[in-house]
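Undergrad: Residue numbers (our numbering): 554 to 607. Beta carbons: idealized from backbone N, C-alpha and C, even for Gly. None of the values given here were measured: they were computed from a predicted structure.
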Ligand SMILES: [Zn+2]
């Protein structure tokens, strides 16, 4: 039963693939989004948007 609950929330919550490849479902508290060290490192290494994308 619990597995079904998880699948249900995943369907309703639109799972997101994090930078590190982890798939997670955003909670209703955007403020509480956990940023794992891996994602942070990857994000830091990404080239900054130069405002010249277009
Ligand atoms: Zn991550």
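Using a threshold of 7 Å, is the CB atom of residue 598 nearer than that to any non-hydrogen atom of ligand 1?
TA: Numbered from its first residue, the chain shown carries residue 598 at position 45. Every heavy atom of ligand 1 is 7 Å or more from the Cβ of residue 598, so no.
Undergrad: Take residue 598 as the anchor and find which of 577, 573, 579 has the nearest alpha-carbon.
TA: Within the chain shown, numbered from 1, the residue matching residue 598 stands at position 45. The candidate whose alpha carbon is nearest that of residue 598 is 573.
Undergrad: Residue 590 and residue 578 look like a contact to me (Cβ under 8 Å); what is the Cβ gap, rounded to whole Å?
TA: Start at 1 with the first residue of the chain shown, and residue 590 comes out as number 37. Start at 1 with the first residue of the chain shown, and residue 578 comes out as number 25. Wrong, their Cβ atoms sit about 20 Å apart, outside the cutoff.
Undergrad: Keeping to the same chain, check which residues put their C-beta closer than 7 Å to that of residue 592; ignore five residues upstream and five downstream.
TA: Taking the first residue of the chain shown as 1, we reach residue 592 at position 39. Once the five neighbours on either side are set aside, the close Cβ partners of residue 592 are 571, 572, 573.
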